[in-house]
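To start, the structure itself, in structure tokens.
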Amino acid sequence: MLAPFLLNVLLVLSALLAGVSVFVFSRYSPSKAVWWLMAAALCLRLALASLDPFLHDWDERFHALVAKNLMVDWLRPVLRQHPVLPYDYRAWCCNHVWVHKQPLFLWQIAASFKLFGVNELALRLPSALLGALLLWPVYRLGRLVFSPAVGYCAAVLLTFAYYQLGLTTGRQSVDHSDVAFMAYVTASIWAWYEGQCSTSGKGRWALLVGVFSGAAVLCKWLPGAVVYAGWALEMLLNPKLRSRGEYARYGLAVAVAALLVLPWQLYINRAFPLESTFERHYAALHFTQALEDKAGPWYYYLNNLWYQYQWLVLLIAAGIGWTATPRLRPRPVRLLLTTCLIVFVFFSAAATKMVSYTYVVAPALLLLAALGWVETSRWLRRRGAWGKWAVAGLAVAVVLADLRPLGLLKHHTERFASARLLPERQHKLVRTAVYRRLDALVPAGYVVFNVPALEDTEAMFYSHRNVYSWWPTEEEYRLLRGQGMRMAAFSGRGVPQLPAYLQGPDVRIIDAALE
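If you want it as structure tokens, here you go:
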């Protein structure tokens, strides 16, 4: 992780670059201003990604370990490389072959590990980069649909989006998977709009729709193809799009996406038939059953808007209202709105509900919030001399409401952590320090038992040891001994008491408190 000095430099640099961006926007070019803003967004994300020197529970630690193991074999995603005890292949938290998620975001993390080493910052770096790069498609979408000012303000909102920053740091489930998913879905919608608004090169943009939507599917399965539902609806409602050329471009995009997606599905079906068959069935069950106790009413995601956006929901509502005005009604906003509607209806109809499912359309909602912001500022400027001050005050209030700095400090620092969060953070720091030393505490060739529940993933990430969060039965223990397996176990504070058969001289006791 970064030293405190470098972290502070990144935070200051982020603020300075954002200030330069605002100046360039007001005096020169919105497009150039976005490049400065992208640099500010990257600095901010790198700084925040360095605040937590441990792995977050859901689901960063699992993604981190699978990505680390992919460095050994890029075509074999495994959670535990060498299982020595029986396991349930259906338990994604504790199995061997891990095809619970599509592989693209894991490959991105593994590539980052290859370049920068296996550490938390390298784990979060792909999300930081994608979060910064996403500003350009969002700006272009705002410019094409509404105006350069709306595009720029949407990019500002995404730069400081509290919830997206939480995903980037790994604190918010489902972390890096959702950052990549959102980036590629947004890019596919942007490519569609560029193609519709261009007079030439439409086939090239259709090709990019296929590339980006295929990448989205390779992050989080079929919802990544949502652009095709919106595109089909546009062709149905707009007679100008009912042409052979448009149908051909639609087919081209689908074909490109299929060429990207199908090879992996066919490969895992052949290489890991048991696991891949179960995971396809399990994914389908999300729609009919509330899996892992993740249930909620039909309005779950409407309630969730406040959690993800807080006061920005007022600007989102204002933006939706402005799209219905005579001046803005002709703007090509329909695909953005229908995409949001499709995502919310689909996930609301599903029995399993998780907090981040609908955040994939956050860029579209932030575009609507930016529209509300720009139009409100336009109205304030017409109020007289005080209006300019009101516009400046509104800008500060919007950015603070978007960033929620106190929330970030509460979740990512010890000094400002709440009484509820501080003990959890301190436990994480203590246990992670032990796992970092595990290679020194236990000689190579040992199997380690009795770490706290599910923390075997963290221990294996920080070490080169085979670690279990439980212990073998007495029969399994004797079988392992007969195979010449050497064993070690944690004992003492923070872990359950070992059974008598694991307290003999042939089991190495690890003298390191986990509490």
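The numbers in full-length UniProt numbering rise by one with no breaks, and the one at position 442 of the sequence shown is 442.
All C-beta atoms in this analysis are idealised placements derived from N, C-alpha and C, irrespective of residue type, glycine included.
Remember, predicted model here, so these are calculated numbers, not experimental data.
First and last residue of the uninterrupted alpha helix (DSSP H) at residue i
i: residue 256; result: 244 to 271
i: residue 113; result: 104 to 116
i: residue 300; result: 300 to 309
i: residue 345; result: 334 to 349
i: residue 143; result: 135 to 145
i: residue 227; result: 226 to 237
i: residue 461; result: 456 to 462
i: residue 321; result: 312 to 323
i: residue 392; result: 385 to 403
Under the three-state DSSP convention, the category residue i falls into
i: residue 493; result: coil
i: residue 160; result: coil
i: residue 54; result: coil
i: residue 8; result: helix
i: residue 204; result: helix
i: residue 488; result: strand
i: residue 478; result: helix
i: residue 69; result: helix
i: residue 467; result: strand
i: residue 442; result: coil
i: residue 436; result: helix
i: residue 78; result: strand
i: residue 174; result: coil
i: residue 355; result: coil
i: residue 84; result: coil
i: residue 97; result: strand
i: residue 428; result: helix
i: residue 504; result: coil
i: residue 193; result: helix
i: residue 416; result: coil
i: residue 280; result: helix
Bounding residues of the beta strand (DSSP E) (the contiguous stretch that carries residue i)
i: residue 374; result: First-last for residue 374: 362 to 381, but that is the alpha helix (DSSP H), not the beta strand (DSSP E).
i: residue 447; result: 446 to 449
i: residue 45; result: Run containing residue 45: none in the beta strand (DSSP E); it sits in the alpha helix (DSSP H), 30 to 49.
i: residue 507; result: 507 to 510
Cutoff 6 Å; reference residue i; Cβ partners in own chain excluding five residues on either side
i: residue 80; result: 96
i: residue 491; result: 498 and 509
i: residue 48; result: 165 and 169
Buried versus exposed, by CB contacts within 10 Å (16 or more), residue i
i: residue 466; result: buried
i: residue 275; result: buried
i: residue 325; result: exposed
i: residue 393; result: exposed
i: residue 180; result: buried
i: residue 88; result: exposed
i: residue 483; result: exposed
i: residue 303; result: exposed
i: residue 27; result: exposed
CB contact flag (residue i, residue j, <8 Å)
i: residue 356; j: residue 173; result: yes
i: residue 234; j: residue 334; result: yes
i: residue 58; j: residue 77; result: no
i: residue 157; j: residue 402; result: yes
i: residue 374; j: residue 360; result: no
i: residue 102; j: residue 231; result: no
i: residue 138; j: residue 331; result: no
i: residue 170; j: residue 56; result: yes
i: residue 162; j: residue 404; result: yes
i: residue 527; j: residue 142; result: Limits of the chain in this structure are 1 at one end and 515 at the other, which puts residue 527 out of reach.
i: residue 10; j: residue 46; result: yes
i: residue 347; j: residue 353; result: yes
i: residue 339; j: residue 364; result: yes
i: residue 84; j: residue 398; result: no
i: residue 239; j: residue 176; result: no
Close-in-space but distant-in-sequence residues of the same chain around residue i (CB under 7 Å, 5 per side omitted)
i: residue 212; result: 184, 187, 188 and 191
i: residue 71; result: 110, 113 and 114
i: residue 40; result: 14, 17, 18, 21 and 159
i: residue 513; result: 492, 493 and 494
i: residue 100; result: 92 and 279
i: residue 455; result: 431 and 469
i: residue 65; result: 79, 457, 460 and 461
i: residue 313; result: 305 and 306
i: residue 422; result: 414
i: residue 206; result: 195, 249, 252 and 253
i: residue 463; result: 435, 438 and 439
i: residue 269; result: 276
i: residue 214; result: 256, 257, 260 and 261
Chain C contact for residue i (CB, 8 Å cutoff)
i: residue 262; result: The structure shown contains no chain C, having only a single protein chain.
Proximal residues to residue i (C-beta, below 8 Å), its chain only, five neighbours per side dropped
i: residue 452; result: 431, 469, 494, 495 and 514
i: residue 134; result: 158, 182, 183, 186, 187 and 363
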